[in-house]
């Protein structure tokens, strides 16, 4: 099988998510990393690039140069992965799209919805793929959950409850030079949202991905518990759906004892389901007046929706990297199908620029509600 | 040890909570059931009474008669337990208080805060005990949680999150004659609150009991998912505290797979704790940068606050009845201390009429916020 | 309903299991404690008795006197509960049986099988009830497990695995005067078995109760890890059944972190089940190629075998005391049925003297195997 | 960084473990797959090879030809991974070792200890690496567990309890052509052990890896529950250690509801630990009279022994593939250190041919004990 040539912007020494993207790209051998502008500092960028087996002449310190240069090469990259702080997503994505290169972008997609819309326009006009790594939708049992809802096993949905709570920002670690923390609490780099941008958008995407419902209105109450922190580190968000359903998102980065506790619960007229990211190989399915069922990834009785994204048998746990790699796999499959002139298979479900825009619109609505004393704000998606 | 003579109003054949009160009263042998107006129907009332070993002449079908008659007897009851539907709590309590008899009343205390205040007045003027069975505060590890917060182990409290979700009202069982359901969804018997009255007030009491903080404002979004149901069966309630802390209560009776899932999480600057009613012998304590700790009821390292309310060793699970019985035990201890002219020991913590009023005020504020498009409402407690 | 008059031998100040028996007897109001020889010391015995509401003239310091005196009274006790250290079970039971009084005896029933057989003879000749408190068989979901096996849902049984592990004897606490520990590690009071007598017999009884199969042969390896301890504090026991099934019991009192961790697993051709005492309101049922099911006590879908021994709804946890009380309830029901001349209902399943003898024979076989280098020993039950 | 050139024997279409080895080799980019004799059928072998990006001229159908040919190439493979059924491990390993190529071999290493010793001799004489993929020792928290024992936190070890239970062979699926099942139940391909060879040796290796103790004697009881199955599908194995410690291994492939349930418990004088493979990101540490601690992979408080084998932060679960990949990483590190003339770092702990031999000796002793009515057999390791 041909491999997709991948470039990367950001993700040099000391980064976290860049390495996650690289392992994910490599897991199924559909991508090969060929080029990078890994840091803005040329020396560090080159050192990182060489470490990663990128040829010296394809290590760049300037992403504009990279876009231009790669777009001219016969063996230029097909995709760029953007793993920089948020404020760079838009300018980097724009130049690569304009250079005819497909984009995989970390979330949130942009600093505001205008930027997101502009990128959608460019990518759609150019027939380029624009994927946003809402990676939790890559977990096999999240696919199973979506299928269960879609098949109507829960009946009409009434309640959608998502919490995404962490503890790593409980103390003001941004003040002592913690790299990951520093830019995330800085509005100029992170955007309007603190916890809601960093993790709340994941929760929001998941709520939509699993239920295929989008709230009509939201009401939000944000806090910045840590002294001098400008952005929210805790958020309570209520949601009202046109169907009458109700929902809630609670995102927090100041809840000690929670490492990466993302949990989704969906309740309908006939049943409910519960999934937790820290134990992702289990999905709890409860049907009224029946024993609680624990569905496991890779088991004989789950559907092909989850089975097709599973690499190893049940009982051999898969984790975060495998779920993330599923997003890359789906993007690659979509790329190859498009290349072959085939219509996109319905099973392929990577998050797109539309999902990216939704996430940014969500952040904007949350901020607006919060500024208006938690009034209900139309989401306008 | 002398035994307290107990009467009961409500709790005849087919009741649930009456039997819980009786087992609780009996568990530690501090009470003896002597009289009852168990049903309004005289025959059924008598049959229930005789089954329970109540003498024929102390079985009443009319609670007013019972109050008058018992108050005249030398061996008349010291306490009455009121386990009727909510709308009767006030008239029953009033007549017994006026007859000089101490009261143990199920929650919510009354239909509105005026009624509650009246009962507080009477009981305080008469020096009578008025206890409200917010029984979850009787679980030993809830006492431990309270102590942990009080000692400052979590630092200043930032987030208080309580969910109390059930599934038994997912379908319109009130339409097919389910006794417990029927009165709970009937505003004339249940009051203003559906799920918020039945279980949300438990959650609210627990949030205060553990943290000793009372919200300043609340914002609520209620739903009645089941067709034709007048009262809420799902509620999302946000809370703001004067300290800057934030909280949330989610109560639901339409969440399939949740039998009696009451969970409290408290997070502070230095740590967090989690307790779940369905597994009440464990309390999770998380301190920053340390392994999660699981504290167990009855273990050597927990404090006397929980140890004194434990009957059997760690690993031998105690449950709902033992927790409920602890409320009765505390009430009895308070009664005997008062009788002996002693000041009330600080460890004795049964929920009082003040807690009862708080619960009713909470319901009223929730309803007001809901009617005002979820605006923030002062709680005025 | 008439109440059964109960006496108690043992269980005075500082005892653990005596209070458990008393709460259990009282839980459903079928028994009333009327007499006791609670300690051998007359003063302490009387003090304990008065505390418990026993009349002064029915407090005894000598159990022989008690048996004789009570058997002569019109209102003499119907049952005696024997909650002494093991070596007294036989002499106490014998005198009460000979006095025409039914017996409830803690486990293990006697010091050896000869003694047990003698008590069986006397009780059967006299038509008296002799119950042995293998209390774990009183848990509702253990009844459900038994029913599941009986109905063949698991197919033919292949593997029976029981572990009962604790940690309270990890250190030589018997040397520092710990009352519960001291007699348990003393062969003259405890008998041949240490952990196998104290908890292994519970595991053995449960393995039989749930599966209705009795091993043909056993092989055992015992250890006394704590210095100077004469009796075993850890035991590994393999079991072979005539059906070809295999089993294992692991009992330990030196496994730090295990408070009272009794766990039974049963596997057959078609399915398996798992139950753990520390979380007794759940029973896991696994059928081949189906999601794992969690059955909960009190739920709508469990059978009447467990439902009839449940006091409160699902989600309101019951615990050790309720399970223990079920044994007392069953004994009382058997007593009343016998009194009414009815045949014993098949659902009534309290452990009898036959179960008691089996437990003692088990201990003897384990010891014999251990002394013979873990050779397979016929169980001869 | 230079990459290690890897070849593979076995692992063609339809195989399971071959793909696991390939993903593991690729995860950290230390290996590149260059050659393979993936099937004995030339066409299928070539098809598999091309799919995997192996050049046409380095796809072999005969492993002897592969060994000879690769050993002559300048760019010949440095390592071969042997992922065939067990009976081929020895002949394949022998020819590659004799061709000067390092070996990574699946477990059990060989069909008998003679074969294993021969391979040790050749590899040690030739200074070649011979690794056996006891992959569970690659999980970070297993490293942490080993460190905890080594540091004496548990005190002197008393009990080592490992169970490895599965359900996939509950029914006679080998009769309906299940490829994985068929060779595993065939003594000519699998060797003397059924479940004990396939999974019991993993349990045995783990027991030694974590505690660094090797049993002196073992006693075993094996069963073949499925009709006509020649090899064991369930095994109970008792272990005695020179130190006085006791242990047990229970391996089963007929325990419905258990997918890949590998669990190790270690108890000492001062504490105990518990780890389960299906939830590998948690390690329970219990110290006497202290709350149970849950240690999580990647957290701030774990040691570098586990931290160095972690790719992503705590709360982002790693799984089976990451643990397996750690074995490959360690092998690569050992290779590079050796190449650089450095002594092997003490932290590098991949399982060697010595561990492979131990596993084979364990199987032989188990079989001998079983044939001798479960007598204690010296392990002679």
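Chains as they are written, first to last, in the working numbering: chain A, 1 to 381; chain B, 1 to 381; chain C, 1 to 381; chain D, 1 to 381.
Here a beta-carbon is modelled for each residue, glycine too, at the ideal position from N, C-alpha and C.
Nearest-angstrom beta carbon gap, residue j and residue i [assumed within contact, 8 Å]
{"i": "residue 188 of chain A", "j": "residue 235 of chain A", "result": "Not quite, the Cβ-Cβ distance comes to about 20 Å (not below 8 Å), so this is no contact."}
{"i": "residue 82 of chain C", "j": "residue 9 of chain C", "result": "5 Å"}
{"i": "residue 210 of chain A", "j": "residue 165 of chain A", "result": "Contact doesn't hold; Cβ gap of about 18 Å is too wide."}
{"i": "residue 233 of chain C", "j": "residue 226 of chain C", "result": "6 Å"}
{"i": "residue 11 of chain B", "j": "residue 38 of chain B", "result": "6 Å"}
{"i": "residue 325 of chain B", "j": "residue 45 of chain B", "result": "Going by Cβ atoms, the distance from residue 325 of chain B to residue 45 of chain B rounds to 25 Å, so no, they are not a contact pair."}
{"i": "residue 176 of chain D", "j": "residue 183 of chain D", "result": "Contact flag wrong, Cβ pair sits at about 14 Å."}
{"i": "residue 255 of chain B", "j": "residue 267 of chain A", "result": "5 Å"}
{"i": "residue 381 of chain A", "j": "residue 138 of chain A", "result": "Actually they do not touch by this definition, with Cβ atoms about 22 Å apart."}
Residue burial classification, residue i (beta-carbon count within 10 angstroms, cutoff 16)
{"i": "residue 161 of chain B", "result": "buried"}
{"i": "residue 146 of chain D", "result": "buried"}
{"i": "residue 257 of chain D", "result": "buried"}
{"i": "residue 322 of chain D", "result": "buried"}
{"i": "residue 119 of chain D", "result": "buried"}
{"i": "residue 301 of chain A", "result": "exposed"}
{"i": "residue 108 of chain D", "result": "buried"}
{"i": "residue 253 of chain B", "result": "buried"}
{"i": "residue 382 of chain B", "result": "Residue numbering for chain B in the displayed model covers 1 to 381; residue 382 of chain B lies beyond these limits and cannot be assessed."}
{"i": "residue 344 of chain B", "result": "exposed"}
{"i": "residue 311 of chain D", "result": "buried"}
{"i": "residue 286 of chain B", "result": "buried"}
{"i": "residue 73 of chain C", "result": "exposed"}
Same chain, Cβ closer than 8 Å to residue i, five either side skipped, listed in chain order
{"i": "residue 216 of chain B", "result": "240, 241, 242, 378, 379"}
{"i": "residue 150 of chain C", "result": "212"}
{"i": "residue 16 of chain D", "result": "180"}
{"i": "residue 316 of chain B", "result": "298"}
Nonlocal neighbours in the same chain, by C-beta distance under 7 Å from residue i, ignoring five residues either side
{"i": "residue 75 of chain B", "result": "5"}
{"i": "residue 419 of chain B", "result": "Residue 419 of chain B is absent from the model: chain B starts at 1 and stops at 381."}
Sequence-distant residues of its chain with Cβ nearer than 6 Å to residue i (five each side left out)
{"i": "residue 230 of chain A", "result": "187"}
{"i": "residue 105 of chain B", "result": "82, 89, 93, 132"}
Next on the checklist: Does the contact criterion of 3 or more C-beta pairs under 8 Å hold for the region 277-284 of chain B versus the region 335-344 of chain B?
Outcome noted: Contact fails: fewer than three Cβ-Cβ distances are below 8 Å.
Checklist entry - Which full runs of the alpha helix (DSSP H) of 4+ residues lie inside the region 318-351 of chain A, going along the chain? => result Runs of the alpha helix (DSSP H) spanning 4 or more residues and lying entirely within the region 318-351 of chain A occur at 320-339, in chain order.
Checklist entry - Which whole runs of the beta strand (DSSP E) in the region 19-44 of chain A are 3 residues long or more, in chain order? => result Taking only runs of at least 3 residues, the beta strand (DSSP E) segments lying wholly in the region 19-44 of chain A are 31-37.
Checklist entry - Between the region 159-173 of chain C and the region 245-260 of chain C, do at least 3 Cβ pairs fall closer than 8 Å? => result Cβ pair count under 8 Å is three or more, so yes.
Checklist entry - What are the start and end residues of each continuous beta strand (DSSP E) run of 3 or more residues lying completely inside the region 157-241 of chain D, in chain order? => result Contiguous beta strand (DSSP E) elements confined to the region 157-241 of chain D occur at 157-165, 215-223, 234-241, taking only those with 3 or more residues.
Next on the checklist: With three or more C-beta pairs closer than 8 Å as the rule, is the region 286-298 of chain B touching the region 292-301 of chain D?
Outcome noted: Three or more Cβ pairs drawn from the region 292-301 of chain D and the region 286-298 of chain B lie within less than 8 Å of each other, which places the two stretches in contact.
Checklist entry - What runs of the beta strand (DSSP E), each 3 residues or longer, lie entirely inside the region 82-116 of chain D? => result The region 82-116 of chain D contains these whole beta strand (DSSP E) runs: 102-105.
Checklist entry - Counting Cβ pairs, one atom from each stretch, are 3 or more of them under 8 Å apart for the region 115-134 of chain C and the region 347-365 of chain C? => result Taking 8 Å as the limit for Cβ pairs, the verdict is that the region 347-365 of chain C does touch the region 115-134 of chain C.
Item to check | Length at least 4, wholly inside the region 285-321 of chain C: the alpha helix (DSSP H) runs in chain order | outcome: Complete alpha helix (DSSP H) runs here, min 4: 304-307.
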